[in-house]
Amino acid sequence: MRKTTKEPAFIPQPGQVDFSHARWAPVINCVVTHKGRILLVQRSKELRLYPGYWNGISGFLDDQRSLIQKVKDEICEETGIARAKIKNIKFGRIFDAEAPKYKKTWIVHPVLVEVASDAITLDWEAEKYRWVTLQEAKTLKLLPSFKDVLEAVKPLLHGK
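All residue numbers for the sequence shown refer to my numbering, where the first residue is 926 and numbers rise by one.
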């Protein structure tokens, strides 16, 4: 299921940082899992950054919320999964990802999120979603740094 709305204009709220034109930008990228499968969303073709690519649930670290709160907020906003259905959150190794096309370096915080529901309601940021295996994920047109996100959380998938 998908809510059909267009990308709103970004207007920073008080205390929020606008990374639109910044050289470096911190982000979270969440690998959401349910019963051994991974949630991938296909980014809207109307998005300015990486339209049409498959990705995890991601967002800018652009305010004063904690990482845990930001993860929960993004999961809830982009998938419709209630906070109470988030069972476990684990953080992977942070890494930088160069994006010459956007003249940006992403400071990526990989996150593994286990949820208790596979019922999804997409917001305006995504067109489609799929629950896939790790191997199936690697066959899709993934956001360039998402393979690195998958590698960063792989040890966490196996409880290491």
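Beta carbons: idealized from backbone N, C-alpha and C, even for Gly.
> According to DSSP, what are the bridge partners of Arg1055?
Replying inline: Leu965, per the DSSP bridge assignment.
> Can you tell me where the alpha helix (DSSP H) with Phe1071 in it begins and where it stops?
Replying inline: Residues Phe1071 to Leu1082.
> Within 10 angstroms of its Cβ, does Glu1076 collect 16 or more other Cβ (buried), or is it exposed?
Replying inline: With fewer than 16 Cβ atoms within 10 Å of its Cβ, Glu1076 is classed as exposed.
> Just to confirm, are Lys1012 and Glu1039 a CB contact at a threshold of 9 angstroms?
Replying inline: Against a cut-off of 9 angstroms, the Cβ pair of Glu1039 and Lys1012 comes out as a contact.
>> Does Ser883 pass the burial test, meaning 16 or more other C-beta atoms within 10 Å, or should it be called exposed?
In response: Outside the displayed span of the chain (926 to 1085) sits residue 883, for which this structure offers no information.
> If you draw a straight line from the C-alpha of Cys1001 to the C-alpha of Ala1007, how long is it?
Replying inline: Using only the alpha carbons, I get a separation of about 6 angstroms.
> Which residue from Gly977, His946, Gly940 and Gly961 puts its Cα closest to that of Ala1051?
Replying inline: Nearest to Ala1051 by C-alpha distance, out of Gly977, His946, Gly940 and Gly961, is Gly977.
> Relative to the C-alpha of Lys1010, which residue among Ala1044, Lys1063 and Ile953 is closest?
Replying inline: Among Ala1044, Lys1063 and Ile953, the Cα nearest to that of Lys1010 is on Ala1044.
>> Quick check: the Cα distance between Lys1085 and Val956, rounded to an integer number of angstroms?
In response: Any reading at Lys1085 must be qualified, since the residue scores a pLDDT of 47, below 50, and its modelled position is unreliable; no value is offered.
>> Relative to the C-alpha of Glu971, which candidate in Asp1048, Asp1021 and Leu1065 has its C-alpha closest?
In response: Among Asp1048, Asp1021 and Leu1065, the Cα nearest to that of Glu971 belongs to Asp1048.
> Do Leu1068 and Trp949 have their CB atoms nearer than 9 angstroms?
Replying inline: Cβ atoms of Leu1068 and Trp949: not closer than 9 angstroms.
>> Please state whether the Cβ-Cβ distance between Phe1016 and Val1033 is less than 9 angstroms.
In response: No, the pair does not count as a contact, with Cβ atoms beyond the cut-off.
>> Please return the same chain residues whose Cβ sits closer than 6 angstroms to the Cβ of Arg927, not counting the five positions on each side in sequence.
In response: The predicted position of Arg927 is uncertain, since its pLDDT is 46 and thus under 50; no value can be drawn from it.
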